[in-house]
Structure formats: structure tokens, C-alpha cells
Amino acid sequence: MKSVIDVVDLTVGEIDELIKIACDIIENPEKYQDAMKHKKLATLFFEPSTRTRLSFEAAMYELGGSVLSVSSAQSSSAAKGESIADTAKTVSQYADIIAMRHPKDGAALAASTNASIPVINAGDGGHCHPTQTLADLLTVYREKGGFENLCVGICGDLKYGRTVHSLIAALSRYAGIKFVLISPKELSVPEYVTEGIIKKNNIPFTETEFLEEAMPKLDILYMTRIQRERFDSEEEYMRLKDSYILTPDKLSGAKPDLSILHPLPRVNEISVDIDKDPRACYFKQVRYGKYMRMALILKLIDEAEKDGKTTVRGTHIENAVCKNARCVTNCERELEKLFYHTENGECRCSWCDTKID
Amino acid sequence: MKSVIDVVDLTVGEIDELIKIACDIIENPEKYQDAMKHKKLATLFFEPSTRTRLSFEAAMYELGGSVLSVSSAQSSSAAKGESIADTAKTVSQYADIIAMRHPKDGAALAASTNASIPVINAGDGGHCHPTQTLADLLTVYREKGGFENLCVGICGDLKYGRTVHSLIAALSRYAGIKFVLISPKELSVPEYVTEGIIKKNNIPFTETEFLEEAMPKLDILYMTRIQRERFDSEEEYMRLKDSYILTPDKLSGAKPDLSILHPLPRVNEISVDIDKDPRACYFKQVRYGKYMRMALILKLIDEAEKDGKTTVRGTHIENAVCKNARCVTNCERELEKLFYHTENGECRCSWCDTKID
Amino acid sequence: MKSVIDVVDLTVGEIDELIKIACDIIENPEKYQDAMKHKKLATLFFEPSTRTRLSFEAAMYELGGSVLSVSSAQSSSAAKGESIADTAKTVSQYADIIAMRHPKDGAALAASTNASIPVINAGDGGHCHPTQTLADLLTVYREKGGFENLCVGICGDLKYGRTVHSLIAALSRYAGIKFVLISPKELSVPEYVTEGIIKKNNIPFTETEFLEEAMPKLDILYMTRIQRERFDSEEEYMRLKDSYILTPDKLSGAKPDLSILHPLPRVNEISVDIDKDPRACYFKQVRYGKYMRMALILKLIDEAEKDGKTTVRGTHIENAVCKNARCVTNCERELEKLFYHTENGECRCSWCDTKID
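Residue numbers (my numbering), protein chains in the order written: chain A, 7 to 363; chain B, 7 to 363; chain C, 7 to 363.
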């Protein structure tokens, strides 16, 4: 573990270790309150995200370290057209670890291959957001005591929600998991997830349009938002919208030990009346996110000495270019265009994982 | 004292205690330099105000704590339409205390009712700015050794200046105070202050249009700015503007131990030539503001464990809505509309104190 | 040394002392890691510059101090039209030292004459950027063991590049220095530098249009960027542009112990293939910049007690005004317009050093 770019780069063993560290921090905070004394975290947020930035900064402060903060592109050298590579090399002279948020897919990977210090991906466009998934996992672990034999309902926009895909991928590695995928048909989980992840791991799953119908079976309910514009038609939206808003009455059929998660921020998909319900875990989830980031910072800085640089899998292919307009290779100067082949023979961009044909 | 939203919520005893703590900090800073070690202040400034933000952050650092800083709306989740309530609940997972600045009247109260940690109102629109008033009070106390028997001149825009109204309300609780209210007629103190506060407390006061005329009596001169557009007519502005600009010659008739205060920032209402005059206290006032914020942070975090949540006085009234366009109830989702009745039977919004009829 | 506004205000002895301190920090970092405990640096960046701001903040953290950060004008009182003088007086109540970046020429000097704490100029418009020059000097010193008898090549836009002029001025004070000035004719070093600094100090120098031709002699190569629009004509640009882009082949004739410097950020004037070359020093230079800022902070805070205020040389001249549109005197209220005479009888603005005629 030199840098953390995508949660699926982590082995089950590495995730278990991070959870173990996080739990020890929760139980013995004073043991860690000076663990990172004289160390510096640089939070490079080239796109605003208070929640995630403050979570990283709170994590570093609770470890006794300090923080160099960049909270928007306009106040940064990026405004002067500096490359991500040069920013990473420069900040490596100032800090001990970087947490980076950037609008371009693959930006954190581009930074990690140039930085001489560990890089944590705090969100690269619509590509990955591994610390959110790690926060989700720690929440499930703390609420349920483990990952085995859980019935996990995931509700909302399952087509475009990347955090949902990462969560499914991460949970699919544990035994006895069942998924109930709750969404309008036009926003159901894409095939590469159902085929490539869920079925491939022989995970039982059902798909439904109706949250209430699914409720009774669930141990975990992971809520996400559906943006109005994602629906095929206004009629569809009017027909379905209420079924994806969690209200107290929809909980009537739920298990007494259900755990309700949400990556936040929410708009109206969970009524505030639910906040008082002991089954509401989404603000605890925020706290667990902080502890997970503490564990990550500890682990990565601890290993930083040993490990070498992050290397990118893949090779150069004559004339091949990534067609993803938001891919970092389309804005970053002198970044080698690399591609890799998946088991099923697809060719994908090494930076943003977009399929090339 | 769970949270501090409006200075008049504090009893004279509580203010005296804060002044006592602030004075002890001034005399024994080293005693406090690690008092807040491992504690975190979140400065949530959804509206720019360097002076106030840096004052809070300097205060926390001088107590040995650390700071999570949000210095503008655009770099925050608020940009994504998150409710103040959710922001407060989230930041409660990261920090030990919040200092919040927000453009909406009542925003800090809305945050405090949802946060599980103390909230200090660092300015909610044109509604309240209690730490400014507390800084003013500490300055008067340090300069005069107390509040009794002082002749306090307040000059400038006394109609719209909320800090002025708070200062009058706070000082009206001490014995032997006299006010000299200096302003153009169209910008004189509103009736709810003269009738509802000054006369109600049997405080002797005079009103005048001319600063120089008032000068000889004054122990304290509190200067504020008048915005040109506040005048009824351009003629009025031209006739009066110079009389509200403090210049060395205007000080000729003043007492040798006069103390000149100003909330800052100033434009031109106090000539820079006055800065060297020993009677100029407005930069000392900035320093006292820092010490008062240190006292507040200490006191609130100390009491945080004991106290419960902030509760809002008032009840729901069928169909009643607050007509103040800047009231937080007009932008915040699912915030209960509450109202209370004053002694003289007025009905007011519980969040922004606007009168309902 | 009360404040550092322009590198030429520092004597050779003072620069040597700063280098000595910086070297001791590099060799014994732990000796300094709590040297500034309980001290505060205010980084007032009214113009974005992540690199410089983070360098100052990293420097303060590595000295055990804390940081009050203002990273853009829009989030500051400046937005409310506060004068630089009042900002300086206010921040003096909060911090122990200021590092200030401002778009106006002379802004840092205006701040230092009003602050009661030391001010470091982190760039005032196109006027001065002393900590960049000090970083350049430390890099040369560390790479070459001293400044004597070096052949220093400076390449790029030598007409408008202020850091280049400062570097020439600073190096011209050491014995045995030789300059090779590499630029298109229309962007060659201005006369006030060749005549007023280089020749005046009897420094041997040559001027050339061609980097490759100069390469073999050089001990130091200082690269800077040329902006396309600086060229007289598109033809000129097309003819010359490639000759100012450093590529591996251009290094073929270079000394094995050449040191390549660049103030950064770069666009494309140094190919990234050079980064791996041991002669590339520009990222080490970033690190040296941090150490030099640590030395400055230590030195200035240490001397702060002793020294008095910064005073401005020069006198008031009836009706004289500075014609530099970017001069701080053209935006700052009540800032006395002062002028001084140079040895050769020129009259210059005391704030931005622009020649008055």
C-alpha cells in the first residue's frame, strides 16, 4: 500500500487491517493523539468538498499532525496551468502525505505516479472515491460485527452512482452477502457490475423497483439520491419519485436492527424525521469516515519509507487514445497514454478505466 | 451557556464571568496556552469576514487547539444545497465547537439546534453578532475598570447598525450608564431601542446631530460608519457627512481619558491621524476581541459535556410565516416555523426575531 | 532586519547568516521542530499562489508554529475595501509574523510600515519576490558550496522577469561571478541591469540568442519561461521558441556538474525527460525555498522584539505622483506619496521604485 487510488486495489487482508486499526483508534484514541506529530497532510481539493476535506483534516489533527490546505482550484497554481505531475512533485517537498480531490478521472493516479509521498484519492471526477467506500465498510462492520451473511439493500440511482459500484465490488468479496438492488428500471445497476462482479462471485441478488417491498429482508439499507434529470420522462419521475424517499411509515416493515446508511450530502431522499430513529447510521457513518481516514494516514505514512513509487499497469498502444472527455490524459501534458487488458479481453485506459474499442 | 447566538441571551453574571476569564488570560497567557490541546474549532464562514475568522482561529491557536476552516460558501457543501442542519450534524462529528458566519438571519440558531457541540454565532446576516458586542464590553471594561457611571457616546448610523443596538442593550443592564446618541435624524435609534430598552431601564440619554457638541461629556465614543445611500437626500448627505468623520480637531474638546472604539473595518469615518492618539482604542479592541473569543471557547467547551441541546423558545402557529426575506426559515428545508410573544404582546419569529402581524 | 521587502535591502552578511541558519536546519531539523511553538504566521495571499503559500505554511509547521491563512482576496475584508494599513494593524493583533502576497507593487512595504510585527514580502505585483531569490541563492550555495567563480547562465525572458533581475543583483555582490545572458534580442536584460548592476560591479558577461552555444561554459543554468505574446512577431516566435526549451539533447554539451534551476511553475520550457537527470535541481530548489523561509521566520521573530518599525526612505514632493498604474499608492487611502533619488540622480517612487520624470 503506497497510495490508495481505487478501493478494489486493496486486498481483503489490507481492508481488514485498516478496519482493525480504525477500531483500535476508536477504543484507544489517546494512544494515537500524537502519533503523527511533526507530520503534515496536504489536502489538495481542486474541486470543493467540505465534508471530505474536513474529514481528512480532522483525522490528521486527531493524530497530532498538521495540515496544508488547498480548498479550491482558483486559489491554486493549477489556475496558472501547472501540471498535476509538477504539483505532486512540488507538494512532495512540503508534506508527508497528500489527500487529493480533482475533477478529472485518473487525476489522483497521475499525482501518485509523480509524488514521492503517498497519495490518497479523495475523489477523481466520477471515477473513484475509495475513502467513502472504506467509511461505508467500517460502518457496516461496526454496526453488524462483520460482513458475513448480510442482506444489503442499495436504493436509488444505481446506474450512475460510482460509490454504489465500489461498495458492491468491495462487499462481493465476503461470504454469505446478499444484495437487493432497488431502483427504477432505467437506473438499475449496469451489466459490468451484475455480470462482472455480482454473478462472477456467485452472489445471490434480486432487483426491484419498490423500496417498501424490499424492506423486511434488509440488514443494511444504503440510500442514495436520484437526480430528477436521470429519469427517462417526467411521467416516470412523478410515478416513482416518492418510492425512493425514506419516510417513517416506509420503515414500518423493517427489521429492528436495520442499519440505514447514506454517503451524504442528502437532499430530501431521507426525511429528517428518520434522524432520531436508532437505525439511522448516516451521521455515525460520517464519524467512521474520519476514523478510517486516520487509519489510512497512519498505515500509509508508516509504509511510505519501505515502498517505492506507484507504478501504472498497462502499455502504450500506437495511436490509441482514451475517449473519456473527462480523462486526465486529455488535459495533463506529457502523461503517457497507457492501456491494459481485462480478463475478458477488454482494453481499458490505465488512468480512468474507460473501455476502448 | 450551551451555545452563544445573541448577546442578550447571556445574563450579566455570565458576561461578568467571561470578562473575568478574559482578564485572567490577558494576565497569565502561559496558563492557557495548552488548555485546548487536542480540541478542534470549526470556523464555518459561509460569508467572507477575515477579521472575525482570524480572530477565532488565533484564539483557538493561543489555547493550543487546532482549527478546521471553511472560508467561503463556494468551497463548501452548501454549494451542493446541503441544509444548515445537516452541515451542523456532520461537523459535530469532526470538531469540538463551531464558530459560524452565515448570510441568513437565524442561521446560527438553526445550526445550534442540530449540532451536538456548542455553536458560537459569528454573525447571522443582519441579525446578531454577539462576539463583537462582547469584544466591545471587554474593551470598555479594560479601559475604564468597569461599566458603572459611564457616559457613552454612540455615533453614526444608529438606525440600521445592529451591533449598536446590541451594545446599548448590553450596557443598559449596568448602573449609572448615560447614552449620547449622535446621528442624523433619519438614522436615529429606532423606537424599540429607545422605548423598549433605554427608557425601560430608566437610562438617561440625549440625542443630537452633532458629534463636536457631544464630545466634552463623553467617557466612551463608539464610532460607526454611515453609508451614503442611507441618507434621505444628497443634500442631507452633503450637509452632514463631515460631522460624522472623526478628525484631530474634533477631539480638541474631548476628555483626556476618552476611549474611542470602532467595530472595524473603517472606511474614512476615523482619520488615520487619530490612530497615534492614545485615546484611540479600536486596534486594542481587535486584540480584546481575540481574548474574549478565547474565554468563550474555554467556557463553552468546558460546559459542553454538562448541557443538553439548544432549544428554541416559541410554538408553531397555524399558517404563520416569517416575512423577513433573509430569515433562515425561508431557505432551510424542514425547519419548523416557530414564534414567540414578547412581554408587550408582540409576536416574533423564533429564528430571526422579526415581528409578525 | 525588521521586515523583508526586497532582497537587495539585505546585506551580503545578512544573506550569509540566513544561509547559515538554513543549512543548520537542513542538518539538524529536530533542533528546530519546536522553535516556533505557540507562535503564529499569518499568510495573507490576496492573489493566489499555492506554491509560495504552502512553502511558508510548511516552513512554519516544521518550526512547530501555527498558521492563520487567507488564500484569496474574495474571502477577505479587502473585499469590503479595508486598507492594507488597517489589515496590517489588525493582523498584528493576531499573529507574530506576516507573509503577504498582493497584486499591487509596494503593497508589502505599505503593510510593513503599519504592522507592529515583521512582514515578509511573498510577492507584490511585478515588483519584488525576495524569498524566491533567497531560495535560488540557497540552491546555488548547496549545489556549488559557495558563490565564488561561478559561470551563471540565465535563459528566457530576461526583460520582464523580475526574479531574474533580483538574482543578478544578488549574485553580482560575490567575487568571480560570470553571467551568460541567453534570450531573444527583444527580451534581453534591460539597461538598468547591465549598466546599473552588472557593469557597475565589473562582472564579466556575454549575451547570446542561443542556449546550446552557451551550454558548455555553464556551472548554473537558470531557466525561465517566455510568453508567446512577448515576441515582436509571430515569425520571431516560430524562429526562436524551440531554442528556449530545454531538452536532453541540448544538455549533451553541458558540464557533468551543471545545476539546472527554474523558479516554477513551468509550462513546457523544460521537458519532463530532464526531471530524472541528476543535474535537474528545480524540485530540490522548492525544498530549499522551504528551508530558507524557515530561516527567515526564525531570524525575523527573533529580532522582532529589538527592532522598531520599518521606515520608508524618501520625502514628499509637491504634486508628484507615481505613474505606475499598479502602484499601491494609487489604491491605498491616506498612504503618503514619497520619492527618493538614486545615486545617478533619478527620482523614484519610494513604494514601487518606478522612475518619475
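Every residue, glycine too, gets a C-beta built ideally from N, C-alpha and C. Here the structure is a predicted model, which is why all the values come from computation and not from measurement.
Per-residue burial, residue i [other beta carbons within 10 Å of its own, 16 or more giving buried]
i      : result
B/F52  : buried
A/V170 : buried
C/R57  : buried
C/I323 : exposed
A/S9   : buried
C/S81  : Only weak support exists for where C/S81 lies, its pLDDT of 49 falling under 50; the coordinates are left without a value.
C/N330 : buried
B/K335 : The displayed chain sequence assigns Thr, not Lys, to residue 335 of chain B. It counts as buried.
B/E63  : buried
A/Q178 : In the sequence as displayed, the identity of residue 178 of chain A is Ser instead of Gln. Buried, by the Cβ-count rule.
B/A181 : exposed
A/R319 : exposed
A/K46  : buried
B/V97  : buried
A/G159 : buried
B/M244 : exposed
C/F216 : exposed
B/V76  : buried
B/V327 : exposed
Contact test: residue i Cβ vs the ligand SAM heavy atom, cutoff 8 Å
i      : result
C/I103 : Absence of the ligand SAM from the depicted structure is noted, as is the absence of any ligand whatsoever, leaving it without description.
Residue i: contacting residues in chain B (beta-carbon distance under 7 Å)
i     : result
C/S72 : Y67
C/Q99 : F289, V292, R293 and K296
C/E1  : The question about residue 1 of chain C has no answer, for chain C in this structure spans 7 to 363.
A/E63 : L74
Within chain B, partners of residue i - CB distance below 8 Å
i      : result
A/Q39  : H44
A/R179 : Simply none; closest approach about 28 Å.
A/L302 : Within 8 Å Cβ-Cβ: nothing; A/L302 doesn't reach chain B, min ~16 Å.
9 Å Cβ cut-off: residues of chain A touching residue i
i      : result
B/V318 : Under the 9 Å cutoff, chain A gives no residues; its nearest Cβ is about 15 Å from B/V318.
B/K206 : Neighbours of B/K206 on chain A: none; closest Cβ ~39 Å, over 9 Å.
Interface partners of residue i on chain B, CB under 9 Å
i      : result
A/N274 : R339 and E340
A/R148 : Near A/R148 there are no residues of chain B at all, since even the closest Cβ is about 14 Å away, more than 9 Å.
C/A91  : V278 and D281
Beta-bridge partners of residue i, as assigned by DSSP
i      : result
B/K153 : Just to set this straight, residue 153 of chain B is Phe in the shown sequence, not Lys. BP columns for B/F153 are empty, so no partner.
B/G159 : B/V186 and B/L227
C/A128 : DSSP output for C/A128 lists no bridge partner at all.
A/D111 : A/C333
B/E213 : B/L187
C/H347 : C/C353
B/F62  : None, per the DSSP bridge assignment.
Amino acids of chain C, ordered along the chain, whose beta-carbon sits closer than 7 Å to that of residue i
i      : result
A/E53  : The premise fails here: A/E53 is roughly 15 Å from chain C at the closest Cβ pair, so nothing lies under 7 Å.
B/T230 : Correct list: empty, because the minimum Cβ distance to chain C is about 14 Å.
A/K343 : Within 7 Å Cβ-Cβ: nothing; A/K343 doesn't reach chain C, min ~14 Å.
Partner residues on chain C for residue i, Cβ-Cβ distance less than 9 Å
i      : result
A/D102 : Under the 9 Å cutoff, chain C gives no residues; its nearest Cβ is about 10 Å from A/D102.
Amino acids of chain A, ordered along the chain, whose beta-carbon sits closer than 8 Å to that of residue i
i      : result
B/A113 : None at all; the shortest Cβ gap to chain A is about 16 Å.
C/L47  : By Cβ distance, chain A contributes nothing, its closest Cβ being about 12 Å from C/L47, past 8 Å.
Between the region 122 to 131 of chain C and the region 296 to 310 of chain C, do three or more beta carbon pairs fall short of 8 Å?
Short answer: they touch.
According to a CB-to-CB cut-off of less than 8 Å, which residues of the region 247 to 271 of chain C neighbour chain A?
Taking 8 Å as the cut-off between beta carbons, the residues of the region 247 to 271 of chain C near chain A are L270 and P271, in sequence order.
Would you call the region 189 to 203 of chain B and the region 155 to 174 of chain B in contact, with 3 or more CB pairs under 8 Å?
Contact between the region 189 to 203 of chain B and the region 155 to 174 of chain B is present, because at least three Cβ pairs lie under 8 Å.
Using 8 Å as the cut-off, can you tell me whether the region 66 to 73 of chain B makes contact with the region 23 to 41 of chain B, which would need three or more C-beta pairs spanning the two stretches below that distance?
These segments touch.
Is it true that the region 144 to 151 of chain B meets the region 294 to 303 of chain B, where meeting means three or more beta-carbon pairs spaced less than 8 Å apart?
The region 144 to 151 of chain B is in contact with the region 294 to 303 of chain B.
I'd like to know if the region 33 to 48 of chain C and the region 13 to 24 of chain C are in contact, where contact means that at least 3 CB-CB pairs between them fall below 8 Å.
No contact exists between the region 33 to 48 of chain C and the region 13 to 24 of chain C.
Can you find at least 3 beta carbon pairs, one from the region 202 to 210 of chain A and one from the region 234 to 249 of chain A, that sit closer than 8 Å?
Here the region 202 to 210 of chain A makes no contact with the region 234 to 249 of chain A; the two share fewer than three CB pairs at distances below 8 Å.
Below 8 Å, can you find three or more Cβ-Cβ pairs linking the region 259 to 272 of chain A to the region 215 to 235 of chain A?
Contact between the region 259 to 272 of chain A and the region 215 to 235 of chain A is present: 3 or more CB-CB pairs across the two stretches fall below 8 Å.
For the region 103 to 114 of chain A and the region 333 to 350 of chain A, state whether three or more C-beta atom pairs, one from each stretch, are separated by less than 8 Å.
Yes, they touch.
Name, going along the chain, the residues of the region 7 to 26 of chain A whose beta-carbon falls closer than 7 Å to a beta-carbon of chain B.
Of all residues in the region 7 to 26 of chain A, none has a Cβ within less than 7 Å of some Cβ in chain B.
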